[in-house]
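Q: One structure, pasted below without further comment.
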Amino acid sequence: MIQSLPGFKDILPAEIRKWQFVENICRDIFESFGYQEIRFPVLEKAQLFSRSVGNDTDIVQKEMYTFKDKGDQSVTLRPEGTACVVRALIQHNLIYKGMHKFYYVAPMFRYERPQRGRLREFHHLGVEAFGDPSPYVDAEIMEINMEILKKLNVDVRVEINNIGCKKCRPLYIKVLKEYLMEKKGLLCEDCQRRLNTNPLRVLDCKKESCRKVTASAPSILDYVCNECKNHFNEVQRLLTKMKVDFVVNDKIVRGLDYYTSFVFEIISDRLGAQGTVSAGGRYNDLVEELGGSPTPACGFAAGEERIIELFDYKEDDRFVDAVVVPVGKDAMDFSFFLTENLRKEYIRSEFISSGSLKSALRKANRWKAKWVLIIGEDEMKEDMVSLRDLERSVQKKVKVKDVISVIRRGLDE
RNA sequence: GUGAGUAUAGCUCAGAGGUAGAGCACCAGGUUGUGGCCCUGGUGGUCGUGGGUUCAAGUCCCACUACUCACCCCA
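Under our numbering, the very last position in the first sequence is 405; numbers go up by exactly one each time.
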């Protein structure tokens, strides 16, 4: 048997309504905030991500689907959307055309070991806002998140942090590294390694021994520049005014290098080890770094699979409204074309071409159909159909020309 | 990349060395043209794959593969 690849999942009809439900809610909210949909290619030049996400990040180092195409060019299946949007923004000069806020609903790819809440192909619901450095944009981004989670009635917690910018963060990293070096012996093996590769990551370690060390480590909040500090304070003020429950967690470290100052994570405790439902922040330097003119920006992405796991949704498993059943050979053609006419009226219909009436009714019942149209010798003679309402278990004969309007009325009830 | 757990019917699972099972689902009949509930019957399995031990392996041993969870890391 040929199976799907590990970490790649089929989304089957039984769950598709749930996906559509989430996507529709998000689209409506994004658009009400003035965001426009953008679609970008699945495949990009590899360097787009090494230059934006950061060459030393795990995403680029070990998680990307990167390969040479037939033209010997190094290409990558997108691991995230922000870099793609920024590329499109620059390439098409979108910001000069008056477009500055975008959203996307798109699959992403990362070569990781699959586990609960983590797949190799997964779906991001993301938005990006360009051109405005003000904390009101950050607040807007948070508002969008809260709006989605409220509509889906999902219980989460919000953690925020200020991770500084390219001016002030290097200073903090230097201080942190010095502090950690002194306590190196108390850190776990991984963290001793991280000391050199990425000292900020030590803050994120969940091991008890390391947490003890990092608990009294210098906080980034004391080292950020005035600009970052003021921005972060303003965002906090707005969040409080918006009645968003948040905690400042100065241990949050995002796995992507492009973030500046405000970052956030929205976390659920009901998702196992991978609890981050949505995350994002400000990235004021990225557009310039990718060759555009300096443009501040802020955005986020939510994991669709993780959101879907969080809320209950009652499936409407009816996918057929009416089942047309000919009884006897003479009714076949007539029934077939009657089915066609129902379909032209957008009444979801199935034509039963074989089997007993009993089995046809069983099928109709299993499909949760509302109507069964039974057409046999008698009905043909009288130019009528026997219209059975499966929900009420009542049946009556209806003139063929009236069938559609009767069904219509019944479905609207 | 590392560790642990799991693998028997479409699904959920029992079976601990001696003929492959149950519930649900599916199909048919009980009603010459009537679903759900009920009753009766039926279809369906190279017991993940390959090797080994044994008179005999779904069961014991080894290897592999897949899935799941966790680490790393992330949405």
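A virtual CB, placed ideally from N, CA and C, is assigned to each residue, including glycine.
Would you report the Cα separation of residue 38 and residue 67, rounded to the nearest angstrom?
A: 5 Å
Q: Thinking just about the alpha-carbon of each residue, which of 93, 114, 329 is nearest to the one in residue 461?
A: In the structure as shown, the chain starts at -7 and stops at 405, and residue 461 therefore has no counterpart that could be examined.
Q: Check this for me: beta carbons of residue 275 and residue 289, under 9 Å apart or not?
A: With contacts defined as CB atoms closer than 9 Å, residue 275 and residue 289 qualify as a contacting pair.
Q: Let me know if residue 313 comes out buried or exposed under the rule of 16 or more other beta-carbons within 10 Å of its beta-carbon.
A: buried
Q: Within 10 Å of its beta-carbon, does residue 375 have 16 or more other beta-carbons around it, so buried, or fewer, so exposed?
A: exposed
Q: Let's see if you can read the secondary structure: which residues bound the alpha helix (DSSP H) around residue 168?
A: 161 to 174
Q: Between the beta-carbon of residue 152 and the beta-carbon of residue 254, is there less than 9 Å?
A: Cβ atoms of residue 152 and residue 254: closer than 9 Å.
Q: Where does residue 136 fall in DSSP's three states?
A: helix
Q: Would residue 287 pass as a contact of residue 32 if the rule is Cβ separation under 9 Å?
A: no
Q: For residue 149, which three-state DSSP category applies?
A: strand
Q: For a test of the three-state rule: what should DSSP assign to residue 240, helix, strand or coil?
A: Looking at residue 240 - three-state DSSP - the assignment turns out to be strand.
Q: When the Cβ atoms of the stretch 188 to 199 are set against those of the stretch 80 to 96, are three or more pairs found closer than 8 Å?
A: no
Q: If you follow the alpha helix (DSSP H) that residue 232 is in, where does it begin and where does it stop?
A: 218 to 233
Q: What residue range is occupied by the uninterrupted alpha helix (DSSP H) comprising residue 181?
A: 181 to 189
Q: I'd like the span of the beta strand (DSSP E) that includes residue 65, first residue to last.
A: No beta strand (DSSP E) holds residue 65; DSSP gives it neither H nor E.
Q: Residues in the same chain with beta-carbon distance under 6 Å from residue 348, minus the five sequence neighbours each way, listed in chain order, please.
A: none
Q: Using CA coordinates, which residue listed in 331, 402, 266, 338 is at the minimum distance from residue 110?
A: Comparing Cα-Cα distances from residue 110 to each of 331, 402, 266, 338, the minimum goes to 266.
Q: Which one or two residues does DSSP pair with residue 290 in a beta bridge?
A: DSSP output for residue 290 lists 121, 274 as bridge partner(s).
Q: According to the neighbour-count rule (16 or more other Cβ atoms, all chains shown, within 10 Å of its Cβ), is residue 154 buried or exposed?
A: buried
Q: Is the stretch 116 to 133 touching the stretch 293 to 310 in the sense that three or more CB pairs, one from each, lie closer than 8 Å?
A: yes
Q: By the three-class DSSP mapping on this structure, what secondary structure does residue 359 have?
A: coil
Q: Using 9 Å as the threshold, is the C-beta distance between residue 136 and residue 21 below it?
A: yes
Q: Residue 131 to residue 44, Cα distance in whole Å?
A: 24 Å
Q: Would you kindly check if the distance between the Cβ of residue 382 and the Cβ of residue 339 is under 9 Å?
A: The answer is no: Cβ separation not under 9 Å.
Q: Along the beta strand (DSSP E) that carries residue 203, what are the first and last residues, could you check?
A: Counting along the chain, residue 203 falls outside any beta strand (DSSP E), though it belongs to the alpha helix (DSSP H) covering 200 to 207.
Q: Per DSSP, what kind of secondary structure is residue 74 in: helix, strand or coil?
A: helix
Q: Count the other CB atoms, across all protein chains shown, that sit within 10 Å of the CB of residue 182; report buried if there are 16 or more and exposed otherwise.
A: exposed
Q: Short check: CB of residue 240 to CB of residue 78, under 9 Å?
A: In this structure, residue 78 does not lie closer than 9 Å to residue 240 by Cβ.
Q: Is the Cβ-Cβ distance between residue 248 and residue 72 less than 9 Å?
A: yes
Q: Under 6 Å Cβ to Cβ from residue 328, same chain only, skipping five residues before and after it: list those, please.
A: 343
Q: Using DSSP's beta-bridge definition, name the partner residues of residue 333.
A: Per DSSP, none; premise fails for residue 333.
Q: Assuming residue 38 is part of the beta strand (DSSP E), what are its boundary residues?
A: Careful: residue 38 lies outside any beta strand (DSSP E), inside the alpha helix (DSSP H) at 38 to 44.
Q: Quick check on this structure: which residue in 385, 128, 149 has the alpha carbon closest to the alpha carbon of residue 233?
A: 128
Q: For the beta strand (DSSP E) that residue 99 lies in, which residues bound it at each end?
A: Bounds of the beta strand (DSSP E) holding residue 99 are 93 to 101.
Q: Under 8 Å Cβ to Cβ from residue 175, same chain only, skipping five residues before and after it: list those, please.
A: 205
Q: If you draw a straight line from the alpha carbon of residue 168 to that of residue 257, how long is it in whole angstroms?
A: When rounded, the distance between both Cα atoms is 22 Å.
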